[in-house]
Every structure is written in C-alpha cells, then in structure tokens.
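Input: a single structure, listed below in structure tokens.
There are 2 protein chains.
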Amino acid sequence: MNEHVRTGRAPAPNPIADDGDEQHFCSTCAFGSVCLPAGVEKGALAELHMLVEHVGPYRTDEAIFRSGERFGAIFAVRAGMVKTRTIDAAGREQVLGFHLPGEMVGLNAIHPAKYPCDALALDTVFVCRFSFPALATLAARMPGVQQQLFRLLSADIGKATQRAGDYTADERLAAFLLDLADRYAARGFSANALRLAMSRNDIANYLRLAAETVSRVLRRFQDQGLIAVDGREVVLRDRARLAHLARNILAQ
Amino acid sequence: MNEHVRTGRAPAPNPIADDGDEQHFCSTCAFGSVCLPAGVEKGALAELHMLVEHVGPYRTDEAIFRSGERFGAIFAVRAGMVKTRTIDAAGREQVLGFHLPGEMVGLNAIHPAKYPCDALALDTVFVCRFSFPALATLAARMPGVQQQLFRLLSADIGKATQRAGDYTADERLAAFLLDLADRYAARGFSANALRLAMSRNDIANYLRLAAETVSRVLRRFQDQGLIAVDGREVVLRDRARLAHLARNILAQ
DNA sequence: GCGGCGGCTTGATCCAGGTCATGGCGATGG
DNA sequence: CCATCGCCATGACCTGGATCAAGCCGCCGC
Chain P
366 MNEHVRTGRA
376 PAPNPIADDG
386 DEQHFCSTCA
396 FGSVCLPAGV
406 EKGALAELHM
416 LVEHVGPYRT
426 DEAIFRSGER
436 FGAIFAVRAG
446 MVKTRTIDAA
456 GREQVLGFHL
466 PGEMVGLNAI
476 HPAKYPCDAL
486 ALDTVFVCRF
496 SFPALATLAA
506 RMPGVQQQLF
516 RLLSADIGKA
526 TQRAGDYTAD
536 ERLAAFLLDL
546 ADRYAARGFS
556 ANALRLAMSR
566 NDIANYLRLA
576 AETVSRVLRR
586 FQDQGLIAVD
596 GREVVLRDRA
606 RLAHLARNIL
616 AQ
Chain Z
366 MNEHVRTGRA
376 PAPNPIADDG
386 DEQHFCSTCA
396 FGSVCLPAGV
406 EKGALAELHM
416 LVEHVGPYRT
426 DEAIFRSGER
436 FGAIFAVRAG
446 MVKTRTIDAA
456 GREQVLGFHL
466 PGEMVGLNAI
476 HPAKYPCDAL
486 ALDTVFVCRF
496 SFPALATLAA
506 RMPGVQQQLF
516 RLLSADIGKA
526 TQRAGDYTAD
536 ERLAAFLLDL
546 ADRYAARGFS
556 ANALRLAMSR
566 NDIANYLRLA
576 AETVSRVLRR
586 FQDQGLIAVD
596 GREVVLRDRA
606 RLAHLARNIL
616 AQ
C-alpha cells in the first residue's frame with residue numbers, strides 16, 4: 366500500500382489535453398459518437414475538448430471519487446478498469462459495476478447531487494473529467510450532446526435493471542463473461558480472450574454469489590469446454606453455448 | 366375481460382388539458398418542481414402544459430405501451446397504478462416496478478429507442494404523455510426542465526441499482542412496504558395505511574421471491590406486530606422495526 | 001530462505017427460500 | 001344457489017448456493 370491509497374488523494378489533474386493520440390482515445394469513448402462524426406455536430410468535438418480535463422494516473426485501489434462527495438462531474442474511463450461499489454449499513458461491500466475504457470462513471474450521482482458510491486481503480490487508470498454544469502450548458506446548445514447524455518443515462522437504467530433480475534449462478538456467469546468480452550471487443554480488443562482485472566471476490570460480489578460458487582462454476586465451465594481459465598486469463602471457447610446459457614439475461 | 370384487454374388498444378387521447386384541478390394533479394407530479402414554483406422558471410409551466418397530452422382512462426391490464434414499440438414519449442402517472450414488466454426468453458414475466466401518481470414511466474426506453482418493457486394499468490389509470498422530442502427541445506431552452514430530466518433519469522439508475530442488491534426476504538418486504546408507504550405519503554396519502562393495487566404474485570415477482578414466501582413473511586410480520594394485513598389492505602404498525610429490518614436497503 | 005498473507009480452490013455441511021400439493025374464500029356467472 | 005376460477009394461505013419437502021473448513025500457491029518483506 367502506498368500513501369495514495371491511505372489518503373485517497375487523486376493525482377493532480379492535467380488540464381492540457383494531449384492531442385497526440387486524442388483521436389484514438391476518443392474514437393472508443395462514450396462521447397465518441399458525438400465528437401468524432403464531426404459532420405453531424407460541427408464544433409461539438411472542439412467544445413467538448415475544451416471542457417474535458419484529463420486526470421490520472423490512478424493506481425490500484427485509488428479513488429476517482431468517493432461516496433458522499435459532492436457531485437460535480439462525470440468521468441469517462443480512458444485507460445484501465447474502474448470498479449464502483451457501495452458499503453451498506455452493515456459494512457458489507459456491494460460491487461455495482463466494472464467500467465472499461467470509453468465507458469462513463471458517475472451518472473448515478475446527478476440525482477442525489479452527491480456520489481452514491483466509490484469509484485476505485487482496479488489497475489492503472491486514466492480518466493476524462495467532464496464538469497457536469499459545463500456539460501449541461503453545452504448540452505443545451507448542442508442537441509447531439511444532450512441526446513447522448515439522455516441515452517447514456519437511459520442505458521444505465523437498463524443495465525441496472527438487467528442486473529436486478531433473478532437468475533442462476535450459471536446464467537449470471539455466462540452473461541458476465543460474454544458481456545465483458547463483447548465490451549472489450551467493442552473497444553477494439555480481442556473478442557474471445559480477456560484478462561479479468563478484478564478478483565474472484567469482486568466478481569462474486571457483483572453477481573451476488575459467493576466467491577466459492579464463482580470458482581466452482583468457472584471450473585465446471587472449463588470442464589464442459591465452454592471456456593479456458595488460467596488464473597485471471599479467460600478464453601471463451603464456445604460462445605454459442607455460453608450465449609444459450611445466458612439467453613434469459615442477454616436477450617433484450 | 367373486455368375487448369380493450371384483448372386488443373391492447375388505448376382509449377383515444379384527450380389532448381385538451383382539463384384545467385379544472387390541474388394545479389392539484391401537477392403539484393404531485395414528477396415535473397411539479399419545475400412547473401409549479403413558477404417564480405423559478407417562468408413560462409416553463411405554460412410550455413410544459415402545451416406539449417402534454419392527457420391520456421386515459423386505461424382499465425386493468427391495458428397497456429400504456431408495450432415492449433418493442435418505437436419510443437416516442439415518456440409518461441407521468443396521473444391516477445391509478447402502473448406496473449412495468451418484461452417477458453424473458455423463457456416466457457417468464459419479470460416485474461420491474463410499480464408507479465404511483467406523479468411518477469414517470471418510460472425513461473428506460475430512450476436508449477434502445479424502443480420500449481424495453483410493457484407498462485400495464487393495475488387499476489383505472491390516467492397518464493400525461495410527454496412527447497420526448499418536444500420535451501428535449503424544450504429542455505434545451507429551459508435549464509430547469511433539462512435538469513429535472515437528468516435528475517429523473519439518474520434517480521432511476523439509483524432505484525434499479527438498489528433493487529439489484531442481495532437481500533433476504535424479510536429485508537426486501539420491509540423495504541418494499543416502507544418505500545410504498547413513503548411514496549404514497551409524498552403524494553398526500555396516509556403514511557401508514559395502504560391498499561396494495563398489485564397481487565401477491567406481482568409483489569413476489571418484483572422482489573424476486575416466491576408468492577408463498579411473500580404470504581409467509583407478511584403473516585410473520587403481522588404475528589410480530591409489525592403490520593396488520595387484511596387482504597390487500599396493509600397498516601404499518603411499527604415503522605421503527607420495519608426500518609431496522611430494511612436498514613441495509615433503504616439507508617442510502 | 002522463510003514466514004506470513006491474500007487470493008483462489010475444493011470438499012463437507014447447512015439453510016433460506018423455492019417447489020409441490022392442498023384447501024379456503026370471495027367474486028362472477030349461469 | 002351452486003359451479004368455476006383466480007387469488008391467497010399453509011404445510012411438507014427439496015435444493016441451489018451459502019457457509020464453514022482446509023489447504024495450495026504465488027508474492028512480498030525480512
């Protein structure tokens with residue numbers, strides 16, 4: 366553990382957008398569809414880049430924000446993986462989600478006006494910080510930005526709703542693996558080989574299972590030829606059967 | 366069963382806002398905070414009333430919208446109770462929520478651009494229909510309206526997230542009863558006596574329990590003096606102990 | 001090198017809540 | 001007035017996954 370973990374201090378933001386591989390990062394970002402097809406929304410790219418702050422790096426277990434802090438911004442993950450979680454009244458952790466590069470974090474904080482969860486780096490993480498008041502102002506002028514915000518918020522309702530469903534351990538794990546692989550694939554990574562950035566405990570907590578159950582089901586999936594597991598490396602070997610297992614969850 | 370149920374046809378909308386008890390309805394609506402304190406947002410009330418359509422009545426089991434229909438509007442419940450639900454790949458119903466007067470329905474449809482669930486009347490229901498394109502246009506001009514939309518969407522993420530948690534049957538039912546009573550109370554109804562508009566089956570499904578479990582837990586709560594149950598009439602007799610049971614869920 | 005520790009696996013046992021079966025009861029219709 | 005049906009309650013039993021327990025393995029600090 367280093368002192369960053371203990372104090373929860375974030376590294377100093379770097380407000381200067383490094384335009385080196387800007388296009389690459391933005392092409393996979395949640396706002397990419399607004400920013401990049403500049404034909405549609407001339408000027409939106411430039412204005413978004415004006416208000417965005419690049420922040421990082423955060424090291425493992427450092428917080429991008431913490432539960433209870435006043436809400437002021439939403440974040441897009443630029444690199445690394447972010448875990449969101451709450452601690453309930455009994456002191457138990459509840460993992461809410463894992464966020465890949467290009468995905469947004471903090472949308473659930475608009476209503477309560479303070480962050481309702483912690484956002485923690487699972488590895489080395491860089492984020493884009495969008496001041497929410499500034500973004501809302503921009504959204505009022507740029508219909509595409511406003512629409513994208515509405516869509517992102519609405520999509521998160523759908524994701525949370527899906528997670529609230531009543532499923533077996535097999536269904537949950539199959540859906541988890543497929544979902545993660547597909548999200549990696551959407552960001553340009555391999556569609557069938559993935560490295561889990563989170564512990565078995567985090568996976569179990571997220572899926573509302575015991576860690577032992579996660580171990581056992583992964584083992585069985587491997588024995589059945591559905592996947593190959595080596596520590597945190599997973600290869601999907603039979604997407605069809607995994608999709609069949611997950612059909613009640615993933616079929617929207 | 367009447368033919369409305371079979372065809373799913375909605376009654377003809379009545380686009381003329383009946384200003385009789387307009388103020389009363391709007392004072393408890395999700396947009397009330399934007400509409401009514403007219404000091405803050407002059408003109409917003411009038412403009413919202415321009416674009417709203419009053420629709421209804423819907424009778425029991427009629428659909429305000431159905432899964433798969435193209436998204437075009439969100440709805441505020443004016444009277445009655447609305448249940449949202451999906452049917453999964455295996456044909457099983459999944460109840461997503463119960464919506465009281467003043468609450469919004471359909472926010473989860475913005476992203477997929479089609480309704481991801483059915484919205485059904487549990488009794489006689491009237492709604493306000495907000496064309497979403499019109500509302501978004503208004504939101505771009507009226508910061509208060511935009512903010513309210515962001516807040517409503519964000520709040521729904523929080524509600525769905527809460528529902529996704531891992532809780533016991535006792536915790537779920539205690540939280541369900543308290544939540545419902547509080548929402549009724551916020552709309553001006555009695556805070557401790559409520560009439561459940563939905564069946565035990567719907568409650569069980571919503572809470573991801575078996576109907577038998579709901580019966581048994583309600584019975585036990587009654588034996589323990591927490592509530593009094595008579596069919597669908599429930600009286601909360603010991604809010605403190607109910608809140609204690611529900612502390613892991615409701616403590617945000 | 002070695003002890004300690006956190007993450008992971010595996011086996012044995014337990015239990016909350018699901019499932020199955022039965023019956024009551026109120027509403028509706030003939 | 002009785003038959004039917006949907007909803008609800010209650011008892012008996014079962015099971016998926018939690019919990020408890022033990023051990024392994026890799027990593028870090030000393």
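Residue numbers (the numbering used here), protein chains in the order written: chain P, 366 to 617; chain Z, 366 to 617. Yeah, the Cβ is synthetic: ideal placement off N, Cα and C, and Gly gets one too.
Query: If we ignore side chains and look at the alpha-carbon of each, how far apart do Ser519 (chain P) and Leu503 (chain Z) end up?; Result: 19 Å
Query: Hey, would you say the C-beta of Ala501 (chain Z) is under 7 Å away from at least one heavy atom of the ligand ATP?; Result: Ligands are entirely absent from the displayed structure, and the ligand ATP is therefore not among its contents.
Query: Is the beta carbon of Leu416 (chain P) less than 8 Å from the beta carbon of Lys448 (chain P)?; Result: no
Query: Could you list which residues in chain Z have their beta carbon closer than 9 Å to that of Arg612 (chain P), in chain order?; Result: Asp453, Ala454 and Ala455
Query: Measuring straight from C-alpha to C-alpha, what distance separates Ala444 (chain Z) and Leu465 (chain Z)?; Result: 7 Å
Query: Hey, how far is the Cα of Ile429 (chain P) from the Cα of Asp595 (chain P)?; Result: 30 Å
Query: Curious, which full-length alpha helix (DSSP H) runs of at least 4 residues does the stretch 461-540 of chain Z contain?; Result: 497-506 and 508-528
Query: First and last residue of the alpha helix (DSSP H) that includes Asp567 (chain Z)?; Result: Arg565 to Leu572
Query: Please look up how many angstroms separate the CB atoms of Arg494 (chain P) and Glu412 (chain P), rounded, as I've assumed it's under 8 Å.; Result: So it is not a contact: roughly 15 Å between Cβ atoms.
Query: According to DSSP, which residues form a beta bridge with Thr449 (chain Z)?; Result: Z:Gly462 and Z:Ala484
Query: Can you tell me which of Z:Ala611, Z:Glu458, Z:Glu598 and Z:Gly462 puts its alpha carbon nearest to the alpha carbon of Lys524 (chain Z)?; Result: Z:Gly462
Query: Listed in chain order, which residues of the stretch 504-523 of chain Z have Cβ atoms closer than 8 Å to some Cβ of chain P?; Result: Ala504, Ala505, Arg506, Pro508, Gln511, Gln512, Leu514, Phe515, Arg516, Leu517, Leu518, Ser519, Ala520, Asp521, Ile522 and Gly523
Query: Measuring alpha carbon to alpha carbon, tell me which residue in P:Thr533, P:Gly467 and P:Arg573 is nearest Asn517 (chain P).; Result: It should be pointed out that residue 517 (chain P) corresponds to Leu in this sequence rather than to Asn. Here the closest residue by C-alpha is P:Gly467.
Query: So Ala576 (chain Z) packs on Arg565 (chain Z), CB below 8 Å; how close in whole Å?; Result: 5 Å
Query: Consult DSSP for Glu598 (chain P) and reduce its assignment to one of helix, strand or coil.; Result: strand
Query: Grab the span of the alpha helix (DSSP H) containing Leu591 (chain Z) for me, first residue to last.; Result: Per DSSP, Leu591 (chain Z) belongs to no alpha helix (DSSP H) and is neither H nor E.
Query: Hey, Asp483 (chain Z) and Arg431 (chain Z) are a contact pair by Cβ (cut 8 Å); roughly how many whole angstroms apart?; Result: 5 Å
Query: Let me know the secondary structure DSSP gives Leu559 (chain Z) once reduced to three states.; Result: strand
Query: If you follow the alpha helix (DSSP H) that Arg606 (chain P) is in, where does it begin and where does it stop?; Result: Arg604 to Leu610
Query: According to the neighbour-count rule (16 or more other Cβ atoms, all chains shown, within 10 Å of its Cβ), is Glu434 (chain P) buried or exposed?; Result: exposed
Query: According to DSSP, is Arg585 (chain Z) part of a helix, a strand, or is it coil?; Result: helix
Query: Short of 8 Å in beta carbon distance, which residues of its chain neighbour Pro402 (chain P), apart from the five on each side in sequence? Order them along the chain.; Result: Because Pro402 (chain P) sits at a pLDDT of 47, beneath the cut-off of 50, its placement in the model cannot be relied upon, and the point is left open.
Query: Quick one: grab the DSSP three-state call for Ala438 (chain P).; Result: strand
Query: Can you find the residues in the same chain that come closer than 8 Å, C-beta to C-beta, to Ser580 (chain Z), ignoring five residues on each side of it along the sequence?; Result: Arg565
Query: Less than 8 Å between the beta carbons of Asp521 (chain P) and Ile475 (chain Z), yes or no?; Result: no
Query: Is Asp567 (chain P) close to chain Z, meaning its C-beta is less than 8 Å from at least one C-beta of that chain?; Result: no
Query: By DSSP, does Ala551 (chain P) sit in helix, in strand, or in coil?; Result: helix
Query: Have a look at Arg506 (chain Z) and Arg604 (chain P) and give me their C-alpha separation to the nearest angstrom.; Result: 47 Å
Query: Comparing the C-beta of Gln459 (chain P) with each C-beta of chain Z, is any distance below 8 Å?; Result: yes
Query: Of the choices Z:Gln459, Z:Leu500 and Z:Phe554, whose alpha-carbon is the least far from that of Asp531 (chain P)?; Result: Z:Gln459
Query: When the Cα atoms are used, what is the spatial distance from Arg612 (chain P) to His414 (chain Z)?; Result: 43 Å
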